[in-house]
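Since the structure comes first, as C-alpha cells, the remarks are kept for the end.
4 protein chains.
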Amino acid sequence: MILKRIESEGLAHNSYFLSDGSEAIVVDPRRDCLLYAKLAEQECVKIKYILETHRNEDYVIGSIELQNMTDADIVHSKELPFKYGEHRIGDGDTFIVGDLKIEALWTPGHTDDSICYVVRNPNESSEPMIVFTGDTLFAGDVGRTDLYGLDAHQGQAEKLYQSLHEKILPLGDHLQIYPAHGSGSVCGHDISDREFSTIGYERKANPMLKLDKEAFVKRSVAQRMLVPPYFRMMEDYNLNGAPLLCEIPVPKPLDVFEFEKEMKSPDTVVIDAREPGAFAGSFIPYSLNIWLEGLSIFPGWVLNSGQQILFVTERKEDMRMVKAYLWRIGYNNIHGYLCSGIQGWRNAGKPIEHLDTLSADMLKRKLDGGRMILLDVRQPSEWEEGYIAGAEKVYVGHLPAKMEALPRDRPIASICSVGNRGSLGASILRKSGFKEVYNVLGGMESWKSLGYPIEK
Amino acid sequence: MILKRIESEGLAHNSYFLSDGSEAIVVDPRRDCLLYAKLAEQECVKIKYILETHRNEDYVIGSIELQNMTDADIVHSKELPFKYGEHRIGDGDTFIVGDLKIEALWTPGHTDDSICYVVRNPNESSEPMIVFTGDTLFAGDVGRTDLYGLDAHQGQAEKLYQSLHEKILPLGDHLQIYPAHGSGSVCGHDISDREFSTIGYERKANPMLKLDKEAFVKRSVAQRMLVPPYFRMMEDYNLNGAPLLCEIPVPKPLDVFEFEKEMKSPDTVVIDAREPGAFAGSFIPYSLNIWLEGLSIFPGWVLNSGQQILFVTERKEDMRMVKAYLWRIGYNNIHGYLCSGIQGWRNAGKPIEHLDTLSADMLKRKLDGGRMILLDVRQPSEWEEGYIAGAEKVYVGHLPAKMEALPRDRPIASICSVGNRGSLGASILRKSGFKEVYNVLGGMESWKSLGYPIEK
Amino acid sequence: MILKRIESEGLAHNSYFLSDGSEAIVVDPRRDCLLYAKLAEQECVKIKYILETHRNEDYVIGSIELQNMTDADIVHSKELPFKYGEHRIGDGDTFIVGDLKIEALWTPGHTDDSICYVVRNPNESSEPMIVFTGDTLFAGDVGRTDLYGLDAHQGQAEKLYQSLHEKILPLGDHLQIYPAHGSGSVCGHDISDREFSTIGYERKANPMLKLDKEAFVKRSVAQRMLVPPYFRMMEDYNLNGAPLLCEIPVPKPLDVFEFEKEMKSPDTVVIDAREPGAFAGSFIPYSLNIWLEGLSIFPGWVLNSGQQILFVTERKEDMRMVKAYLWRIGYNNIHGYLCSGIQGWRNAGKPIEHLDTLSADMLKRKLDGGRMILLDVRQPSEWEEGYIAGAEKVYVGHLPAKMEALPRDRPIASICSVGNRGSLGASILRKSGFKEVYNVLGGMESWKSLGYPIEK
Amino acid sequence: MILKRIESEGLAHNSYFLSDGSEAIVVDPRRDCLLYAKLAEQECVKIKYILETHRNEDYVIGSIELQNMTDADIVHSKELPFKYGEHRIGDGDTFIVGDLKIEALWTPGHTDDSICYVVRNPNESSEPMIVFTGDTLFAGDVGRTDLYGLDAHQGQAEKLYQSLHEKILPLGDHLQIYPAHGSGSVCGHDISDREFSTIGYERKANPMLKLDKEAFVKRSVAQRMLVPPYFRMMEDYNLNGAPLLCEIPVPKPLDVFEFEKEMKSPDTVVIDAREPGAFAGSFIPYSLNIWLEGLSIFPGWVLNSGQQILFVTERKEDMRMVKAYLWRIGYNNIHGYLCSGIQGWRNAGKPIEHLDTLSADMLKRKLDGGRMILLDVRQPSEWEEGYIAGAEKVYVGHLPAKMEALPRDRPIASICSVGNRGSLGASILRKSGFKEVYNVLGGMESWKSLGYPIEK
C-alpha cells in the first residue's frame with residue numbers, strides 16, 4: 003500500500019495518492035496534475051476515484067483535469083450543486099478501492115459540504131486506519147470558520163466543534179490524519195509545520211482540541227483572518243469547473259521591444275518575480291514585485307482575473323514555477339516574459355528605477371530621525387505578536403485600498419517579516435506615484451535579531 | 003518539521019531523515035548516502051546525529067560514509083564494542099536536536115543491542131510524537147529473533163515480547179511508528195506492505211501483538227527463516243566499519259574481447275542481470291541469472307566476498323542500480339560489465355546458450371508425463387502456503403549445497419513465485435553441468451491463475 | 003552564431019537550428035519539435051523561418067507543428083501545390099535572417115521540388131559559408147532518384163547530376179555541407195557515418211562525385227532500393243499537412259485484462275518492442291517483434307495506417323521512444339501498452355510462446371543437416387555483399403506478400419545482419435501459422451566472425 | 003564517426019571527442035572531465051589518446067585527470083619538458099586511432115610547442131579531412147603571440163605567419179577546422195562567434211589571413227592584450243601536473259554564523275556571484291562581486307592562489323558552476339558558501355551594504371554635473387572602439403594596482419560594457435574604503451542604445 007503526499011508549495015496545500023496495489027484514489031488533486039497519472043502508471047494501478055473534501059476556495063481543484071487524463075470518477079458532497087462529477091455523497095456512504103473500504107464522514111464547519119474520508123482495510127482489521135481530514139482538522143490547528151461571513155461565523159464554529167468531537171475524535175487515537183493543508187496555508191490560523199500527525203497526538207497537542215465548546219467557538223470567532231479577493235473566482239471554478247490547462251495560452255518569451263510594446267497594452271500588469279534585493283537594485287518602472295514563492299498567493303490580492311500579465315524573472319527556468327503557481331490559483335492569462343531578463347532591458351537603455359532599502363539598523367536611525375512613516379504590512383496575527391512602536395498596521399493586500407490616506411510628502415518604509423511582502427508593498431506605492439519609499443530588507447526578523455524593542 | 007523515509011529498494015530497508023528546521027538526524031543510513039547530505043543542504047540544516055537502531059546484519063550501514071561527508075556524530079548502543087562512533091548509549095539516554103528531544107529505549111530481542119528512538123517536541127506536548135522502531139516493530143509484524151542461533155531463539159523471543167509490551171506499546175496508541183524495514187525484507191517474517199502505521203493500529207491489526215507471551219514465543223520459535231551467508235560479513239562491517247565507497251574501484255565498461263579475457267581470470271563469476279525471459283533467450287555459458295531487483299539480496303547467497311564479479315545487463319544505465327545494490331550488501335569487487343550488451347557478444351560470434359522455459363500449462367503437461375523433477379526453490383514460508391504435488395523443496399540459496407543429490411539424467415524444472423528465483427536456480431544447475439533444465443516463467447502465480455491444484 | 007544538428011535517431015534524419023544571435027531558422031524540423039522552440043527560448047531568439055528542403059517521403063515534417071508554437075513562416079518550393087506554408091520559392095530567391103543572407107538553389111533530382119539553402123554572412127565575406135543540402139548531397143553519397151518510379155529513374159538521375167555539378171560543387175570546396183540524412187537512412191544508398199563534411203572533401207572522397215555523367219546515371223539507375231508502403235502516407239501528410247500531436251490520443255497503460263480485451267478488437271496488432279533475445283524467451287501469441295530502434299522504420303512496412311496498435315515493451319519508459327518513433331512516421335493510433343510488461347502477463351497465466359533461436363554455429367550444423375530453409379531477410383544491397391550458400395533472398399518488408407510460396411512442413415530460419423530484422427521475420431511467420439521457425443541471433447555478423455563461408 | 007565539441011563556457015575553450023566507432027581521442031580536455039569518459043562509455047569505445055595542442059596558459063588541462071579514469075595515453079610536444087605524459091611528438095609524427103590516421107604538424111607561433119593535429123581516413127581518401135588547430139587558427143582570428151613577452155613578440159608573430167601559411171593553409175580549402183577557442187577567449191584578439199569553419203572560408207573571411215607577412219606581424223605586434231596573473235600558475239600546472247579533483251576539498255554549506263566566523267579567518271575573501279543588480283541591492287561588506295559567468299576568468303585577476311574563498315550565490319545550485327569555473331582555472335581552495343543566501347544573512351540582522359547604481363541617463367546627468375570621476379574598466383581593445391568623453395581608462399584587472407592614484411573625496415562611477423565588470427570594479431573600490439562609488443547598470447551598451455556621444 004502506497005500513500006504519497008503531494009504538496010503544492012507556497013499554497014501549503016496537500017493532495018494525496020493512495021494505492022492498495024490494484025486501484026488508487028487521489029484526494030483533492032491540484033490543477034497541474036500530470037504527476038498523479040504518472041504515479042498510477044508507475045505503480046500500474048488505475049485511479050478509480052478522485053475525492054474532493056469540499057469545494058476549495060484557495061486553489062483551482064484539478065479533478066476535471068485529472069479525469070480528462072484517467073477516466074476516474076469524481077466524488078464530492080451532495081450539499082452543493084456541482085456542475086461536474088459522478089458521485090454526490092453524504093454521511094456514511096462507502097466505496098471500495100481494491101482491498102480498501104472508504105467511508106465518507108460529513109463534517110460541516112469549515113464549509114457546509116466538508117467531507118472527511120476514513121480508510122479501512124477489512125483484511126487487516128475492522129478498525130479504521132487513516133483519515134483524510136480536508137480543512138476540518140490540521141496538525142496543530144482546525145479549519146477556519148469565517149468563510150460564510152461574520153454573521154455566520156459563530157454558527158460555523160459550532161458545527162466544526164461538533165464535527166471534530168462527534169465525528170473525528172471518536173475514530174480513535176491511533177488514526178493517522180492527512181489534512182489538506184500544512185503550515186503557511188491561509189485556510190488555517192496557525193497550522194503546525196509538522197508534516198504528519200495522528201488523532202491521538204492532536205488530542206494532546208492541538209490547542210484547539212483542548213478547549214470546551216464555548217471556548218472553542220469564542221476563540222474561533224475572535225480570530226481575524228484574511229479573505230483574498232480571488233477566493234470568489236475559486237469558488238466559481240470549483241463549483242462549475244475551470245478550463246483545461248491545454249486550453250490556456252502558453253506564456254511567450256519576449257524580447258525587450260516586444261515586452262515594451264506589450265507593457266503598453268490596456269489592462270496589463272508587469273510582475274517582477276525576483277527576490278526583493280535584486281528588485282531593489284533595478285526594476286522596470288510600474289512593475290510589482292512578488293517573489294517566486296509569493297506567487298502562490300499574492301496575485302490573488304493584487305491582480306484582477308482579466309488582466310494581461312507580463313513577467314520579469316531572475317532566470318528563464320523560473321517560468322515553470324510562475325506558471326504552476328498562477329495557474330493553480332486561476333490566473334490563466336500570463337502573456338509572456340522578458341526573455342533576456344532585466345539585464346537585456348538595462349543594456350537596451352530602457353528606463354530602470356531602483357528602490358531604496360533599509361537594514362534594520364538603518365531603519366532604527368531613520369525612525370529616530372522622526373519624519374519617516376513605517377507601514378507594517380504583515381497579517382494582523384503577526385502584528386499581534388509584536389510590532390515597532392509608531393508603526394501603522396496595513397496588510398499588504400489591503401494597501402491599494404488604503405493608500406489614499408497616506409501622505410505623499412514624507413518618506414515611507416514598508417516592513418514585513420523578512421522583506422518580501424515589504425517589497426510588494428513598496429512596489430505598490432511606487433507604482434502609485436509615491437516618491438520616497440523604502441523596503442526593510444530582513445524585516446522584523448532582523449530587527450529582533452538585533453535586539454531592538456518591540457511592542458505588543 | 004520534515005521527516006523523509008528513504009527506502010533502499012530490494013532490501014526493503016528504511017532509513018529516515020528528520021529535521022526540525024535547524025538541526026537534523028539520520029536514522030540507519032544506507033551506504034550510498036549522498037542523498038542525506040543533499041537533503042540537509044537543501045534544508046540548510048546540519049545533521050547533528052546519525053542514529054543506529056542496532057548492528058544491522060542485512061546491509062552495510064552508511065554511518066561512517068555519511069560522517070565523512072558531514073561531521074555528524076554517530077550514536078549506537080553501549081551493548082556492543084563498536085570500533086567507530088562517538089556515543090554509546092543505553093536505556094533512557096536523551097539528546098537534543100533543535101527543538102526536539104530524543105530518548106533511547108533499550109529494546110533487546112531482535113538483537114541485544116537494539117534501540118528504539120522516541121521523539122518529543124516539548125514545545126507542543128510532553129507526550130511522545132513518533133518512534134523509530136528499528137527491527138523491533140514493523141507494520142504487521144515484529145523483528146525476527148533467531149539470529150543468535152536456535153538455542154538462543156526462545157530467550158530472544160521472550161526479550162522481544164517484553165520490549166514490545168513494556169517499552170513500546172505503553173508509549174500510547176497515538177504514536178506513528180517508523181520501522182527499519184518494509185514488506186519483502188528478510189528481517190521480518192510477514193511484514194505488511196503498508197508504508198505507515200501507529201502503535202494503536204498495530205495493537206489492533208498486528209497478529210503478533212494479539213498474542214500472549216507464551217503464544218508469541220511459540221510462534222516466533224516456530225518460524226523457520228533463512229540466514230544468508232553474507233550476514234556474517236555485514237556483522238563484521240557494521241561492528242568494525244566498512245571501506246569508504248571512494249576507495250572502491252569503479253566498474254569498467256568492457257568490450258567483448260576484454261570481457262571474454264576477464265571471464266577466464268581465476269575466481270571470477272559472471273552475473274547476468276536481465277529478466278529471466280531475456281536470459282532464457284540467450285546467455286553467456288556459465289553465467290548466473292539474478293534479475294535487477296534480486297541483486298539486493300541474492301548475491302549474498304551465491305557469491306563469495308572475494309570473487310571478481312562481471313556483469314551483463316540489459317542496458318548500460320542498469321549499472322547504476324547494480325553498483326548500489328551490490329555495494330549496499332558489501333560486495334565491493336565489481337570489475338566491469340559487457341558494454342555492448344549480449345547483442346555485441348552474439349554479433350561477435352561468441353558462444354551463447356539458451357535456457358528452456360515452461361509456462362504453467364506446459365509444466366502441467368510435462369509433469370503429467372512423469373519423468374520431470376520439479377524443484378520448488380521458494381522459501382519455506384512460501385512453500386507452506388501451497389505447492390505442486392510431487393515438487394521437491396530446495397530453497398534457491400541452498401541449491402549449490404544440495405545439487406549433489408539430484409539426478410543428472412532427468413529433466414529438471416525450477417519454479418518459484420513468478421520466475422526470477424527459478425531462473426537463478428536453473429542457471430546454477432546449468433553452470434554445474436546439468437543439461438536438461440527448465441525455468442517456469444510466471445511460476446506459482448501463473449499456476450494458481452490457471453486454477454491448477456496445489457497442496458498444503 | 004550557433005548551428006545545432008538535431009538527429010531523429012533511427013530515421014537517421016537531420017534537422018538544423020541556425021541562429022545568428024538575433025533570429026533563427028529551422029531546416030526540416032521533425033514532428034516532435036518542442037526542442038526547437040526550447041533552443042530558441044534558450045538563446046532568446048525568434049525563429050523567423052522554417053525551411054523545407056523538399057516534400058519529405060520518409061517522415062512527417064514538423065513545420066506546421068512548430069509554426070503552431072512559434073509563429074514562424076514556412077518556406078518551401080513553388081514546384082508543388084502545398085496546402086500550407088507562407089512562402090513558395092524558386093531558384094535564387096533570398097531572405098534575410100539577422101545578419102545572415104540565405105539563398106535558395108533549386109536542385110531537382112531526388113525530387114522535383116528539392117531546394118538547397120546557401121548561407122552567407124555579408125559582414126564577413128561575400129563568399130558562401132555553409133549549405134543545407136537536403137537529400138541532394140550526403141556525406142559519401144547522393145540522394146536516391148527512383149522515387150518517381152523506374153520509368154522516370156534515368157531522368158531524375160540526370161537532373162541530380164546536373165544539380166550537383168552545376169549548382170552545388172561550384173559553390174566552392176570550403177563550404178560545410180549539412181545534409182538531411184546520415185548513415186542508415188533509406189533516402190541514400192550508402193551514406194557515410196561521418197557526421198560532418200565539406201564540398202571539397204566530398205569532391206575528393208564521395209564515390210558518386212567522381213563519376214562522369216554517364217557513369218553517374220548508370221550507377222544510380224542500377225541501384226535497387228526499397229520503397230516502404232508508408233511513403234505514400236508521408237507524401238500526403240507533407241503536401242497537405244498532418245494532424246497536430248495534441249490532437250492525437252495518448253497511449254494508455256493497460257493492465258493484463260484490459261490488454262487482453264483490446265487485443266481482440268478488430269484490426270488490432272500487438273507490437274513487441276523488446277530485443278529479439280527477450281522476445282524469443284517469451285512472447286504473446288500473434289505479436290510482431292520490432293526492436294526499439296527498428297520502430298523508426300519497420301512499422302512502415304508491416305502496419306496499415308488505420309490499425310489500432312498495442313505495445314509490449316521492456317520498460318515503461320520505453321513508451322517515450324515508441325511514441326516519438328511512430329508519430330514521426332505518421333502512425334497516430336497507438337492505443338496503449340501492457341503496463342506490467344510481459345512479466346505481468348506471464349504471472350497471470352496468460353498464454354505465452356517462445357521462439358527458437360540459433361547461434362551461427364548452431365545454424366551451420368542445422369544447414370548441414372539439409373532440411374532447413376534459410377530466409378535472408380536483409381536488403382538486396384546487403385545480400386550483394388555476401389550471403390550463405392543456399393539462402394533465399396526475401397526482404398523482411400516483402401515477407402508478408404511472399405509467404406504463400408514457402409513450405410509449411412519444413413523448418414525455416416530467418417537471418418539478417420545481427421538478429422533484429424530476423425526476429426521480425428520470424429514473428430511474421432509465426433503469426434501466419436508457421437510452426438517451426440528460428441531466428442539467428444547474431445545474424446550474418448556472427449556468421450562472419452566465426453569465419454564461415456559466404457558467397458557473392 | 004562522431005565528433006563532439008565540448009565547450010567550457012566562460013573560458014570559451016573547446017575540447018573535442020572524436021571516435022571512429024572503435025577507438026577515440028580527446029583533444030585538450032578540460033579539468034572536470036567525467037563527460038569524456040561518459041561519451042566513450044555511451045559509444046562503447048576506448049579513449050586511446052589524449053592529445054594536447056600545447057601547454058595551455060588559460061586553464062588547467064584535464065589530461066591527467068582523464069587518464070586517471072581511462073588509462074588513455076597522453077600526447078604532447080617534445081619541445082617542452084613535461085613531467086607527465088607518454089608520447090612526446092614532433093612534426094610529421096603519426097598515430098592510428100581505429101580507421102583514422104592522425105598526423106602532428108608542428109606550428110610554433112602562439113607558443114613554441116604548438117601542435118596541430120590533421121585527421122585522415124585512408125579508407126575514404128588520402129586527403130586530410132579535418133584539423134584540430136589549437137591556438138594557431140581560430141574562426142576569424144589567429145592565436146596571440148605576446149605570451150613570451152614584448153621582446154619576443156615580433157619573432158613569435160613571424161613564426162605564426164609561417165606556421166599558418168606553410169603548414170595549415172596548404173592542407174586545402176576543404177578541411178574543417180576545430181580550434182581550441184571560440185568568441186570571448188583571452189587567447190585571441192577578436193575571435194568570431196561562428197562555431198564552425200573551414201580552411202577555405204578562413205582564407206576568404208579571416209582578416210589576419212588576408213595580410214602579407216609584414217602587415218601580419220605589424221598588426222600582431224600592435225595588439226595590446228592582457229595577461230592575467232593566474233597564467234603563471236596554469237603554466238606550472240600544465241607542465242608539471244595539477245592535483246586530482248578528488249584530492250580537493252568539497253565546498254561546505256555554511257550557516258550565517260559559520261560563514262561570519264570563516265570570513266574573519268586570515269587571508270579569506272568573500273566572492274558574491276550574484277548579478278550586479280542583486281549585488282547592488284544588498285551585499286556583505288568587503289565582498290567582491292563577480293557574476294557567475296565571470297568566474298571563468300576574473301578570479302584569475304583578483305585572487306591569490308593561496309586565499310581561502312567563501313561564496314555568496316543567488317541559489318544553492320549555482321555552486322556547481324562556481325566549482326567548475328574556479329577549478330578549471332586552478333583555484334582549489336573554495337571553503338564554503340552561505341547556504342541560506344543573502345536573505346538568511348539579512349534576516350539574522352547581519353550588516354549589509356548597498357551599492358549605488360546608475361542607468362546611462364542618470365550617468366549622463368551626473369557627468370554633466372562635473373564632479374564625478376568615470377572609470378572605464380573595459381579592455382583596451384574595447385576602449386578603442388569608443389568611450390565616453392572624460393572617462394579614465396583603467397582595466398578592472400589592473401584596478402587594485404592603480405587605486406592609489408584615485409581621489410577618495412569625489413564620487414567615482416565604474417563602467418564596462420553592460421555592468422558586470424563595472425560591478426566588480428565598484429566592489430574593489432568599496433572594499434578598499436572608497437565611499438561614494440557607483441556602478442553603471444547597462445554600461446556602454448545602454449549608453450549607446452540611448453544615442454549618447456562617444457569618442458574614439
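Chains as they are written, first to last, in my numbering: chain A, 3 to 458; chain B, 3 to 458; chain C, 3 to 458; chain D, 3 to 458. From the three backbone atoms N, C-alpha and C, an ideal C-beta is built for every residue, glycine too.
Listed along chain B, the residues sitting closer than 7 Å to Pro-255 (chain D) by beta-carbon distance are Glu-43, Cys-46. Around Ala-207 (chain B), the beta-carbon contacts reaching into chain A at under 9 Å are Asn-123, Glu-126, Ser-127, Glu-129, Met-131. The three-state secondary structure of Ala-106 (chain D), taken from DSSP, is strand. Secondary structure note for Asp-358 (chain A): its beta strand (DSSP E) is the uninterrupted segment 358-360. For the stretch 323-346 of chain C, the residues whose beta carbon sits under 8 Å from a beta carbon of chain A are, in order, Cys-341, Ser-342, Gly-346. If you ignore the 5 residues before and after Ala-74 (chain A), its C-beta comes within less than 7 Å of the C-beta of Ile-49, Lys-50, Tyr-51, Ile-52, Leu-68, all in its own chain and listed in chain order. Between the beta-carbon of Gly-202 (chain C) and that of His-183 (chain C) there is about 20 Å, and that puts the pair past the 8 Å contact cut. The alpha carbon of Arg-410 (chain B) has as its nearest neighbour, out of B:Ile-170, B:Arg-423, B:Arg-432, the alpha carbon of B:Arg-432. Taking the beta carbon of Cys-248 (chain D) as reference, the chain B residues within 8 Å of it are Cys-248, listed in sequence order. Between Leu-452 (chain D) and Ile-354 (chain A), the C-beta gap is not smaller than 8 Å, which leaves the two residues out of contact. Boundaries cannot be given for Asn-334 (chain C), as no alpha helix (DSSP H) includes it and DSSP labels it neither H nor E. Spatial neighbours of Met-3 (chain A) in its own chain (CB-CB distance under 6 Å, excluding positions within 5 residues in sequence) are listed in chain order as Asp-22. Contact residues of the stretch 160-173 of chain D toward chain A are absent (C-beta to C-beta distance below 9 Å). Ala-326 (chain C) is not a Cβ neighbour of Val-62 (chain C), given a cutoff of 8 Å.
By the neighbour-count criterion, in which 16 or more other beta carbons inside 10 Å mark a residue as buried, Ile-98 (chain A) falls on the exposed side. Ranked by Cα distance from Phe-285 (chain A), the first of D:Ala-407, D:Leu-360, D:Leu-241, D:Gln-309 is D:Leu-360. For Glu-197 (chain C), the chain D residues whose C-beta falls within less than 8 Å of its own C-beta are Met-3, Ile-4, Leu-5, listed in chain order.
Judged by their CB atoms, Pro-230 (chain A) and Val-188 (chain A) are nearer to each other than the 8 Å cut-off. For the stretch 276-294 of chain B, the set of residues with a beta-carbon nearer than 9 Å to any beta-carbon of chain C comprises Arg-276, Glu-277, Pro-278, Gly-279, Ala-280, Phe-281, Ala-282, Gly-283, Ser-284, Phe-285, in chain order. Closer than 9 Å at the C-beta level to chain A, one finds these residues of the stretch 309-322 of chain D: Glu-316, Arg-317. Taking a Cβ-Cβ threshold of 7 Å, none of the residues of chain A is close to Gly-296 (chain D); the smallest such distance is about 13 Å. Residue environment for Thr-96 (chain B): exposed (fewer than 16 other C-beta atoms within 10 angstroms of its C-beta).
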